[in-house]
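Position 351, counted from 1, in the sequence shown is what the UniProt record's numbering calls 351; the numbers after and before it change by one each time, with no gaps.
Built from N, CA and C at the ideal position, the CB exists for glycine as well.
Please read the structure below before turning to the comments.
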Amino acid sequence: MLLSRRHFGQRVPVKPWKEVQRVALPPDNNLAKEDVKEQVRAASDIVDVLGSYLNLRRQGRGYVALCPWHDDSRPSFQVNPQRQSWRCWVCGIGGDVFSFVMRRESIEFREALELLADRANIALPTQGPVAPAGSPDDKKYQYNALAWAERLFHELLLKDPIADEARRYLHDRGITQSAIHHFHIGFSPNEWQWLCNKSNQSEYTQPVLEKVGLIGKSQAGKVYDRFKGRVIFPIRDAQSRPIAFGGRILPAYADEKAAKYVNSPETRLFSKSDNVYALDLARDHITSSKKVIVVEGYTDVIALHEAGVKNAVAVLGTALGPRHIQLLRRYADTVYLVLDGDEAGQKRTSEVLELFIAQQVDLRITTLPDNLDPCDFVQQQGADAFRAHLAKSLDALEHKIRIATAGVDLANDLHGANDALEDVLNTLAKAPNLASETSSEVRLREHQFLARIARQFQVADSELRTRLSALRKAAKTKEQRFHGEADPNGEPVGQPNKIYRIGELDSWDRLLLELMLAHPETIEWCFDEIGPDELTSEGAKAIFQVIRSRSEAHEDCGFPGILDSIDNESLRFLLIELDEAASQKEIAEPEDELKSIIAAFRRRHEDRYMGQQVASMQQKALSEEDELDILNQIIEQQRNRQGISFPTDG
1 MLLSRRHFGQ RVPVKPWKEV QRVALPPDNN LAKEDVKEQV RAASDIVDVL GSYLNLRRQG
61 RGYVALCPWH DDSRPSFQVN PQRQSWRCWV CGIGGDVFSF VMRRESIEFR EALELLADRA
121 NIALPTQGPV APAGSPDDKK YQYNALAWAE RLFHELLLKD PIADEARRYL HDRGITQSAI
181 HHFHIGFSPN EWQWLCNKSN QSEYTQPVLE KVGLIGKSQA GKVYDRFKGR VIFPIRDAQS
241 RPIAFGGRIL PAYADEKAAK YVNSPETRLF SKSDNVYALD LARDHITSSK KVIVVEGYTD
301 VIALHEAGVK NAVAVLGTAL GPRHIQLLRR YADTVYLVLD GDEAGQKRTS EVLELFIAQQ
361 VDLRITTLPD NLDPCDFVQQ QGADAFRAHL AKSLDALEHK IRIATAGVDL ANDLHGANDA
421 LEDVLNTLAK APNLASETSS EVRLREHQFL ARIARQFQVA DSELRTRLSA LRKAAKTKEQ
481 RFHGEADPNG EPVGQPNKIY RIGELDSWDR LLLELMLAHP ETIEWCFDEI GPDELTSEGA
541 KAIFQVIRSR SEAHEDCGFP GILDSIDNES LRFLLIELDE AASQKEIAEP EDELKSIIAA
601 FRRRHEDRYM GQQVASMQQK ALSEEDELDI LNQIIEQQRN RQGISFPTDG
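Have a look at this one:
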């Protein structure tokens with residue numbers, strides 16, 4: 001009876017690893033895209049790129065810096081120029097130049113590729129029809145036109161006598177000359193065609209200014225300046241590129257028809273639902289503190305930054321929505337929502353509350369006294385008083401309780417109390433399971449929160465947990481069925497992203513991967529002898545499968561290619577750790593090393609198989625003949641391992 005094993009059977013022919021050659025495939029579109037990606041990578045030295053973001057310092061063969069993603073006092077961020085990789089041991093993250101830019105700029109891969117390609121002056125292959133360079137639909141031309149207009153508005157405010165009224169207004173609002181420079185504030189004269197006329201003397205045509213929302217066109221076809229008579233607040237993206245403008249009408253030019261504030265219309269470059277004001281200036285402060293303060297107005301942000309509260313941003317004339325929350329989640333764990341203390345501000349707070357909870361964001365509600373807005377408050381009472389109010393912020397769920405129970409006599413109004421309780425539990429059901437570990441230190445544990453509800457509503461803890469569990473299960477099943485993520489019984493399929501640690505790897509799994517990384521020429525031999533099911537560590541198995549998939553697709557199996565194929569950040573960091581360990585080892589004879597590893601896998605496989613057979617014997621699941629066969633195999637296996645020869649006749 002032969003051992004039933006997939007990769008360790010004696011009939012599998014073994015290829016000498018030194019003779020393995022990779023088959024070349026004809027070029028196609030996907031390979032062309034890979035070529036461009038590798039071209040951008042080759043032109044984007046990781047030390048040069050990361051050095052433009054961080055203060056890199058030479059240490060040995062690599063570089064170190066303070067990590068931008070945690071409070072780092074001793075440099076824990078490391079850059080390996082030989083492998084073109086980076087890692088932070090404290091955060092447990094790492095990657096290549098693309099993954100760094102994606103994380104640092106909070107952008108997707110395509111945007112990171114475009115950013116690095118532009119930096120290296122490399123033209124990317126187009127996706128669909130492309131506007132001719134210099135045409136109104138040319139994206140680069142649009143960015144340049146907005147930057148040109150921003151400079152005009154800013155220089156006019158700084159130097160031209162026509163802006164005297166605007167300068168007086170800003171002075172009266174407490175906005176300093178330093179803030180004007182820092183936020184690139186400008187002014188658009190109270191003339192219908194000032195910018196239109198300026199465009200005639202520049203390379204930027206009126207059609208492109210119309211495309212980016214700087215000028216409008218009347219029904220009669222006459223163009224006009226959209227921001228006439230207004231102080232200009234440039235709206236920039238996370239890369240500090242102007243993408244739109246907000247304009248505040250000067251009181252001297254206001255009439256009953258003029259809106260107090262206007263923003264640029266939706267354009268190819270700007271969506272008010274995807275952007276917030278001053279993110280480019282606040283980003284580093286938000287990232288380091290993991291907290292973001294959201295206010296309603298441009299002057300609120302400016303006043304807070306001037307007072308030293310530099311992690312503040314503002315919405316852009318619209319209510320907070322799910323895309324705003326997705327944007328803020330890239331940088332912060334906790335959002336402090338600071339709306340005006342008036343009735344309208346409180347109503348808006350209630351409207352966004354469930355949205356934040358459903359998006360699994362830690363939301364803190366801050367209400368300012370005396371109907372003050374953040375600008376007036378911080379100018380009158382200072383930054384310390386503002387921070388003190390932040391410290392007293394209510395968590396979102398506590399705020400929900402106060403809203404739900406407002407005007408309800410919980411002791412005597414049974415119907416009202418039940419409605420309020422159901423309202424609170426429905427809101428809580430949309431939040432993550434707070435009893436499990438979360439990334440935020442400020443979120444209350446679920447059992448603590450339920451205890452608070454139980455005390456307030458005088459209901460048993462067990463009843464609350466039963467009802468909350470039912471609401472969560474119903475909501476989860478509904479969502480999974482809507483997205484096709486549940487089986488017919490409503491049970492979820494698939495598993496969330498795992499955390500992988502090098503210390504959890506089986507020693508032989510680790511040696512195998514280190515050898516494959518240090519000596520890619522052994523990879524094909526490994527695949528002939530070992531399959532993914534033979535590895536016992538989940539992380540090792542996942543990396544092995546990535547390498548195997550790339551090999552079968554005739555893709556490069558070097559470290560950069562493998563790293564590119566891994567999306568899970570923890571798994572990517574594990575690969576970097578393994579590669580670093582492999583680079584520090586000196587293996588004189590990789591072929592002998594691999595033979596030892598294969599022998600170890602073979603022994604482990606045989607032990608597993610024999611263990612299963614012994615278990616079957618113990619359960620009396622085999623015939624006497626099969627049991628005798630298994631005993632003979634066990635004896636043979638032990639003799640072979642101990643070097644004992646079988647007796648021969650004569």
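Here Thr-318 is exposed: its Cβ has fewer than 16 other Cβ atoms, across all protein chains shown, within 10 Å. When C-alpha distances from Ile-365 are compared across Arg-402, Lys-228 and Leu-156, the shortest belongs to Arg-402. Contact between the stretch 110–123 and the stretch 204–222 is absent, with fewer than three C-beta pairs closer than 8 Å. In this model, Ala-385 and Ser-135 are separated by some 51 Å (Cα to Cα). When beta bridges are read from the DSSP output, Arg-57 appears opposite Val-64. Between Trp-525 and the set Glu-591, Pro-81, Ile-576 and Phe-559, the nearest pair of CA atoms involves Glu-591.
Sixteen is the threshold: since fewer than 16 other Cβ atoms of the shown chains lie within 10 Å of the Cβ of Ala-406, the residue is exposed. Residue range 223–225 is occupied by the beta strand (DSSP E) that includes Tyr-224.
Counting along the chain, Phe-77 sits inside the beta strand (DSSP E) bounded by residues 77–80. Shortest Cα-Cα distance from Phe-245 to any of Gln-239, Ile-235 and Tyr-331 involves Ile-235.
Within the same chain, and ignoring the five residues on either side of Ala-332 in sequence, the residues whose Cβ sits closer than 7 Å to its Cβ are Ile-286, Lys-290, Lys-291 and Val-292. About 7 Å separates the CB atoms of Arg-41 and Pro-560; that is less than 8 Å, so the two are in contact. Here the stretch 47–54 does not lie against the stretch 526–543, with fewer than 3 beta-carbon pairs under 8 Å apart. Pairwise C-beta distances place the stretch 508–527 in contact with the stretch 561–580, as three or more of them are shorter than 8 Å.
Membership of Tyr-143 in the alpha helix (DSSP H) is indicated by the continuous run 139–159. Per DSSP, reduced to three states, the secondary structure at Arg-501 is coil, with no helix or strand assignment.
If you draw a 10 Å sphere on the C-beta of Gln-380, you find fewer than 16 other C-beta atoms in it, and that means exposed. The C-beta of Arg-510 has 16 or more other C-beta atoms within 10 Å across all chains shown, which makes the residue buried.
Looking at the DSSP output, Phe-187 shares a beta bridge with Val-231.
Ranked by how close their Cα comes to the Cα of Asp-362, the residues Leu-368, Cys-375, Leu-328 and Asn-371 have Leu-328 in first place. Taking C-beta atoms as the reference points, Val-97 and Phe-77 fail to come closer than 8 Å. Looking from the CA of Glu-589, the closest CA among His-519, Lys-272 and Asp-419 belongs to His-519. Checking the DSSP bridge columns, you'll see Lys-217 partnered with Val-223. For the pair Ser-273 and Arg-323, the CB atoms are nearer than the 8 Å cut-off. Distance from the CA of Arg-330 to the CA of Ser-106, rounded to the nearest whole angstrom, comes to 6 Å. Leu-464 places its beta carbon less than 8 Å from that of Ala-454. By alpha-carbon distance to Asn-412, the top candidate from Gln-456, Val-424 and Leu-425 is Gln-456.
For Phe-245, the enclosing beta strand (DSSP E) has its first and last residue at 242–249.
Assignment of Ala-383 by DSSP, reduced to helix, strand and coil, places it in the helix class.
Under DSSP, Lys-291 shares a beta bridge with Thr-334.
Closest in alpha carbon position to Ser-288, among Ala-252, Asp-419, Cys-67 and Phe-449, is Cys-67.
Of all alpha-carbon atoms in Glu-538, Leu-471, Ile-530 and Tyr-277, the one lying nearest the alpha-carbon of Gly-503 is that of Glu-538. For Asn-426, the enclosing alpha helix (DSSP H) starts and ends at 414–429. Note: Tyr-169 is not bridge-paired with any residue in the DSSP secondary-structure output. Collapsing the DSSP output to three states places Asp-373 in coil. DSSP places Asn-263 inside the beta strand (DSSP E), whose first and last residues are 261–263.
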